[in-house]
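Now the structure itself:
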């Protein structure tokens with residue numbers, strides 16, 4: 016692959032960095048990244064990965080844009096209300112960078128679709144808002160041996176990590192089972208400060224770019240915990256769990272079954 | 002000193018002058034010589050400095066009668082990150 020004159024200008028600020036250069040930019044352009052969710056986390060991730068020239072972005076989301084999304088889901092606009100989030104996101108990405116091929120999946124991740132869709136990608140980003148999807152995507156990523164860039168937010172708190180067994184744990188090592196329904200406020204009940212998914216999404220986008228480049232140290236075996244009220248970033252060491260049901264020594268989850276990924280239905284916004 | 006490759010960036014401005022020089026050097030082997038023609042004053046100042054800070058050797062920078070400068074750079078290894 017040779018960079019075009021337009022690409023040399025577009026990516027000039029990347030190319031001059033020793034850790035990136037022309038070769039690194041070509042790696043970004045060749046990379047295929049799947050975003051599960053085009054909401055609070057998916058918005059900033061998609062915008063920055065598009066700007067960075069990640070060549071193929073798959074975006075999976077069955078939801079449509081609603082008014083209460085716009086406080087944080089910065090890829091969508093007021094004029095997009097009612098449209099599929101994947102269509103709105105695709106338009107925004109194309110406006111930023113026509114180099115990026117956007118593949119849209121106007122559906123929610125499920126045991127029926129996730130393995131087939133994920134298998135076409137190099138990395139997968141968790142930009143979802145519920146436990147069922149997060150466990151499903153984690154397990155699928157472990158089964159397909161794909162790096163899984165995790166992020167989650169609630170109120171003023173956020174977390175991020177890179178899960179890529181056997182280099183460090185998976186999400187299920189950390190939290191073996193989803194909390195019982197009702198134990199944790201779900202979806203819209205808890206609320207989130209609008210900028211928070213921006214910040215955690217930026218961490219996910221950063222780790223994605225570093226992973227593709229092979230640059231620096233990733234959040235492998237480390238959980239980044241952010242407390243916006245205290246403005247405190249903490250990195251916690253996390254190790255693999257040999258008893259983990261999906262990536263442990265004797266895994267019991269060797270295929271995806273719908274019974275393992277049930278959740279309470281979310282009231283529509 | 003026989004160049005292995007020649008690059009004309011007389012029509013370009015900073016930082017594209019250095020960006021194109023860096024891209025050309027990435028494609029070369031250590032020890033090979035890149036010949037660069039550059040015109041504007043800013044590039045004459047900046048390109049040799051940036052090339053040196055990336056670890057390459059600048060052997061020659063000479064003004065020519067037509068107002069264009071000729072720069073000879075020896076590619077050196079070690080400045081690139083190759084995670085493969």
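Protein chains in written order, with this note's numbering: chain E, 16 to 284; chain D, 2 to 85. Where a beta carbon is used, it is the ideal one built from N, C-alpha and C, also for glycine. Quick caveat, the model's predicted, so the values are computed rather than measured.
Answer yes if the region 234 to 244 of chain E comes into contact with the region 173 to 186 of chain E, meaning at least three C-beta pairs across the two stretches below 8 angstroms, and no otherwise.
yes
Who are residue 70/D's beta bridge partners in DSSP?
39/D, 64/D
Apply the 10 Å Cβ neighbour rule to residue 112/E and answer buried if 16 or more other Cβ atoms are within range, or exposed otherwise.
buried
Kindly indicate the opening and closing residues of the beta strand (DSSP E) around residue 182/E.
Taken as a continuous stretch (DSSP letters only), residue 182/E belongs to no beta strand (DSSP E), as it is neither H nor E.
Here's the rule I'm using: 16 or more other beta-carbon atoms within 10 Å means buried, otherwise exposed. How should residue 23/D be labelled?
buried
Can you pull the chain E residues whose beta carbon is under 7 angstroms from the beta carbon of residue 19/D, in chain order?
Under the 7 angstroms cutoff, chain E gives 31.
Taking residue 238/E as part of the beta strand (DSSP E), name the residues at either end of that continuous run.
237 to 242
Hey, is residue 37/E's beta-carbon within less than 9 angstroms of any beta-carbon in chain D?
yes
Kindly indicate if chain D contains any beta-carbon less than 9 angstroms away from that of residue 18/E.
yes
Determine whether the Cβ of residue 24/E lies closer than 9 angstroms to any Cβ atom of chain D.
yes
Below 7 angstroms between beta carbons is the criterion; list the residues of the region 8 to 36 of chain D that meet it against any residue of chain E, in chain order.
16, 17, 19, 20, 21, 23, 24, 27
Spatial distance of residue 36/D from residue 45/E (CA atoms):
Taking the straight line joining both Cα atoms gives about 30 angstroms.
Of the listed residues 68/E, 255/E, 73/E, 95/E, nearest to residue 182/E (C-alpha basis):
255/E
Could you tell me which of 214/E, 273/E, 275/E sits nearest to residue 63/E, measuring between CA atoms?
Looking only at 214/E, 273/E, 275/E, the smallest Cα-Cα distance to residue 63/E is reached by 214/E.
To the nearest angstrom, how far is it from the Cα of residue 34/D to the Cα of residue 152/E?
50 angstroms
Since residue 95/E contacts residue 119/E with CB under 8 angstroms, what's their CB separation in whole angstroms?
The Cβ separation is near 14 angstroms, so there is no contact.
In chain D, which residues lie with their C-beta within 7 angstroms of the C-beta of residue 27/E?
16, 17, 20
If I measure Cβ to Cβ from residue 233/E and keep anything under 7 angstroms in the same chain, skipping five residues before and after, which residues do I get?
Non-local C-beta neighbours of residue 233/E in its own chain, meaning closer than 7 angstroms and more than five positions away in sequence, comprise 177, 222, 225, 226, ordered along the chain.
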